[in-house]
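Residue 199 in the UniProt record's numbering sits at position 199 of the sequence shown; the count goes up by one each step and never skips. Even glycine gets a Cβ: it sits at the ideal position worked out from N, Cα and C. All remarks here apply to the structure that follows.
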Amino acid sequence: MILTLTLNPSIDYLYKTDSFYVGQQNRFQAPAKMVGGKGINAGRTAAILGSNVICTAVLAGKTGHEIKERLKNEGFHSCFFEVPGESRNAITIMHDNNIQTEIVERGPYIDFVTEQKVLHQLLLFCRLIPEIKVVALAGSANSNNQELYRQFVTQIYQHQPGDIKVITDISGHQLTNLLKKGPLPYLIKPNIHEFSTFIGKSLSHKEQLLPYLNSSIFKDLPLIIISCGSEGAIAKHYDRIYDLTIPKIELVNPTGSGDATVGGAAYAMDQGLPIEEVLKYAMAAGVANAMEEAVGFVQVNQVAELIKDIQITELN
């Protein structure tokens, strides 16, 4: 079983146009509309693939109510925490040969009381449901606590009764404080831009990542997957580094592909699969999501076919 947390879910709007003009009026057809948020998207992907999933999320206002209603028919269990404010909207515009422009609202504020309520519920789930094998903490948090995720990981490791693997898909100060102060999660999944920000370098191609993976800060991290768009990914599992190559596809909507990558990895870990299969499921799920208009959605048969085309090369 997989437990996910989304502190800042959203209603996602996808607009498509051949050309987008800044400073001018742009007319669109009605957008595709869906619930988003990294933990929800990852949980949806894992549930579609066959895992039993509990998705927890913080909701606020009318948008939060709409998110709650839209998730009622999803293939996973839900647990919500309601706070003052308004849950956010996130707008993606696909234009000019698959350029992706995003407008993302800040979302409701997460105060100390909400932090503690969420943490208490996560620990309660972990204690009462021994089937939980993976906990995925994913996405941004509108909080002044820059160590929020580090504190969550610390408490889960201190209080969980078994060998639970914690996945984080976070960035910025939250990721920096987690890695520099610990304890370390089992898996982090930054994209190449987030990784570049973390190390303070400007990187654009996956071969540029290699010199930095042997940094002491990653030494004790069990698994890191750095997604690199159409180039695939670079992964490091303990002291082994892998080049992950993905097939070329007809891109529909890349939004949520990183989240689906986390969902694919979480599913494979939940099933107890070896590391090569974890990496293949992660990549195949991310690619499959990019072939769909919906966010955090994959087709099981499509993932199965894509797995055959994922190439894994050990580099060291």
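> Can you give the Cα-Cα distance for H65 and N8, rounded to whole angstroms?
Replying inline: CA-CA distance, H65 to N8, rounds to 14 Å.
>> I believe G39 touches L5 by the beta-carbon criterion, under 8 Å. Please report the beta-carbon distance rounded to the nearest angstrom.
In response: 5 Å
> In the region 152-226, which residue ranges form an unbroken beta strand (DSSP E) of at least 3 residues, counting only runs that do not cross its ends?
Replying inline: 165-169
> Looking at C-alpha atoms only, which residue of K33, E69, C79 is the closest neighbour of I54?
Replying inline: C79
>> Which same chain residues end up closer than 8 Å to A288 when comparing Cβ atoms and leaving out the 5 residues on each side of it in sequence?
In response: A260, V298, Q299, Q302, V303, L306
>> Output needed for K248: all residues of its chain with C-beta closer than 8 Å, excluding positions within five of it in sequence on either side, in chain order.
In response: S230
> Is the beta carbon of A90 less than 8 Å from the beta carbon of D12?
Replying inline: yes
> Which partner residues of M94 appear in the DSSP bridge assignment?
Replying inline: Answer is K16, Q100.
>> Let me check understanding here. Comparing Cα to Cα, which of T63, E207, Y15, G272 lies closest to T313?
In response: E207
>> Helix, strand or coil for G50? Go by DSSP, reduced to three states.
In response: coil
> Pairing CB atoms from the region 115-128 with CB atoms from the region 18-35, are three or more of them under 8 Å?
Replying inline: Flag = no, the region 115-128 and the region 18-35 do not touch.
> From which residue to which residue does the beta strand (DSSP E) around F80 run?
Replying inline: Its beta strand (DSSP E) spans residues 77-82.
> Skipping 5 residues on each side, what residues in its chain have a beta carbon closer than 6 Å to that of K236?
Replying inline: Hits under 6 Å: L213, I224.
> Assuming A284 and T45 make a contact with CB atoms under 8 Å, what is their CB distance in whole Å?
Replying inline: Their Cβ separation, rounded to whole angstroms, is 11 Å, which puts A284 and T45 out of contact at 8 Å.
> Where does the unbroken beta strand (DSSP E) through Q311 begin, and where does it stop?
Replying inline: Start and end: 311-314.
> Going along the chain, which residues of its own chain have a beta-carbon closer than 6 Å to the beta-carbon of Y15, five neighbours each way excluded?
Replying inline: F28, P31, I93
> Three or more C-beta pairs closer than 8 Å, one from the region 145-152 and one from the region 264-282: is that the case here?
Replying inline: no
> Going by C-alpha distance, which of N52, N316, V295, S19 is nearest M34?
Replying inline: V295
>> Can you tell me whether C126 is helix, strand or coil according to DSSP?
In response: helix
> At what residues does the alpha helix (DSSP H) containing A285 begin and finish?
Replying inline: 275-290
> So, using beta-carbon positions, are S75 and A47 closer together than 8 Å?
Replying inline: Before going further, note that residue 75 is Gly rather than Ser in the sequence given. The answer is yes: Cβ separation under 8 Å.
> Going by the CB atoms, is the gap between V262 and E293 shorter than 8 Å?
Replying inline: No, they are not a contact pair.
> With respect to the alpha helix (DSSP H) encompassing K62, which residues constitute its N-terminal and C-terminal limits?
Replying inline: 61-70
> Mind checking whether L209 and P190 have CB atoms under 8 Å apart?
Replying inline: no
> In terms of DSSP beta bridges, what is M34 paired with?
Replying inline: DSSP output for M34 lists D12 as bridge partner(s).
> So what does V58 bridge to, in DSSP terms?
Replying inline: F81
> Contact check, A265 vs L178 under 8 Å by CB: the rounded distance?
Replying inline: Not a contact, Cβ separation roughly 18 Å.
> Under the three-state reduction of DSSP, which class applies to residue 328: helix, strand or coil?
Replying inline: No statement about residue 328 is possible, as the shown extent of the chain runs from 1 to 316 and does not include it.
> DSSP three-state call for N73: helix, strand or coil?
Replying inline: coil
> When the Cα atoms are used, what is the spatial distance from V58 to H159?
Replying inline: 22 Å
>> Taking 8 Å as the threshold (C-beta atoms), are I241 and residue 351 in contact?
In response: No information on residue 351 is available, as it lies outside the stretch 1 to 316 that the chain covers here.
> Can you name the start and end residues of the beta strand (DSSP E) that L243 belongs to?
Replying inline: Note that residue 243 is Asp in the sequence shown here, rather than Leu. According to the DSSP assignment, D243 belongs to the beta strand (DSSP E) that extends over 240-245.
> Name the DSSP bridge partner or partners of A294?
Replying inline: Bridge partners of A294: none, in fact.
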